[in-house]
Amino acid sequence: MAEENKPDGTNIPPFETEDLRSNLARFLDSTIDDPVAGTKRPVGNFRWGVYIFYDYDGEPIYVGQTNERLRSRIRRHLTNQRTDAVAMSVLDPFEVFEIEVYPLAQFENLQPGQREYAKACLNALEHAVYANAVAGSEFKAILNEKDPPPPTVEIEMPQPFRMRVVSDKVAEIRSHPDFRIARRSLIISRLAQVISERKVQGGLRRVLLTQAKRLQWLAERRYQALGGAASVETENSDEIDND
Numbered sequence: 023m024a025e026e027n028k029p030d031g032t033n034i035p036p037f038e039t040e041d042l043r044s045n046l047a048r049f050l051d052s053t054i055d056d057p058v059a060g061t062k063r064p065v066g067n068f069r070w071g072v073y074i075f076y077d078y079d080g081e082p083i084y085v086g087q088t089n090e091r092l093r094s095r096i097r098r099h100l101t102n103q104r105t106d107a108v109a110m111s112v113l114d115p116f117e118v119f120e121i122e123v124y125p126l127a128q129f130e131n132l133q134p135g136q137r138e139y140a141k142a143c144l145n146a147l148e149h150a151v152y153a154n155a156v157a158g159s160e161f162k163a164i165l166n167e168k169d170p171p172p173p174t175v176e177i178e179m180p181q182p183f184r185m186r187v188v189s190d191k192v193a194e195i196r197s198h199p200d201f202r203i204a205r206r207s208l209i210i211s212r213l214a215q216v217i218s219e220r221k222v223q224g225g226l227r228r229v230l231l232t233q234a235k236r237l238q239w240l241a242e243r244r245y246q247a248l249g250g251a252a253s254v255e256t257e258n259s260d261e262i263d264n265d
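FYI, the numbering for the sequence shown is 23 to 265, going by this note's numbering.
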């Protein structure tokens with residue numbers, strides 16, 4: 023076998039992995055207005071903010087917050103598999119098609135004694151984004167295991183930034199409905215196994231229920247698109263069952 027056909031020693035990640043990393047970097051390095059500083063800043067460099075992931079149908083699937091930098095938190099979700107949401111099969115990085123972020127630019131340079139107020143504003147923003155996501159969902163539910171805490175302060179929603187993080191080539195593969203049905207079934211199976219092996223809270227069972235509804239919706243849509251009941255063959259009574 024020719025040496026070029028032996029990939030065992032390659033240092034290059036698989037295509038889809040490299041594609042996600044490069045598109046995610048492009049998203050995080052995109053510059054947006056910093057209304058406080060009066061300049062532009064890479065979106066991933068904002069320290070405080072809320073983010074939301076969308077799937078290939080534009081459905082909101084997961085909302086989170088961070089005060090350690092949007093870049094670090096979002097990359098941890100989608101590239102290194104170490105967050106609880108990914109490890110527990112709550113969130114599938116393969117389902118993420120777009121990301122939207124709501125940066126809180128006013129807290130980039132915290133003054134002494136301001137941290138508690140900043141955290142309260144972050145919680146209030148997450149609560150608002152979460153409520154909007156649930157209201158806009160086909161299923162009136164998303165895949166968060168826990169609900170955000172109720173707000174204790176009022177906050178004005180910052181201008182969001184939303185962008186696709188999947189190339190055309192990867193989208194062509196992952197957007198196929200049969201691929202998505204198979205992948206979603208796999209994630210449900212993993213999540214169900216996690217639940218069966220541990221003592222879990224109701225939130226994880228809610229995620230399983232939501233995922234099951236999402237799978238049924240996708241499978242039903244695919245079935246109907248291919249003809250529904252009219253596509254099902256009628257058994258010939260003259261045939262011999264050779265099973």
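Every residue, glycine too, gets a C-beta built ideally from N, C-alpha and C.
For K221, the three-state DSSP class (helix, strand or coil): coil
Cβ contact check for the stretch 156-163 and the stretch 80-100: 3 or more pairs under 8 Å: yes
For R69, the three-state DSSP class (helix, strand or coil): coil
Candidates T88, P182, D41: closest to A142 by CA position: T88
Where I96 sits in the DSSP three-state scheme: Helix, per DSSP.
Any non-hydrogen atom of the ligand MN within 8 Å of K141 CB: Absent from the structure shown: the ligand MN. Ligands present: none.
Stretch pair the stretch 209-229 + the stretch 119-135: three plus CB contacts closer than 8 Å: no
Buried versus exposed call for E148 [16 or more other C-beta atoms within 10 Å across all chains shown]: buried
Endpoints, the beta strand (DSSP E) within which D114 is located: Going by DSSP, D114 is part of no beta strand (DSSP E) at all; its letter is neither H nor E.
Identity of the residues DSSP links to I83 by a beta bridge: DSSP lists no partner for I83.
Best match in D190, L144, M179 for proximity to P172 [C-alpha to C-alpha]: L144
Residue of R243, R220, F116 minimising C-alpha distance to E40: F116
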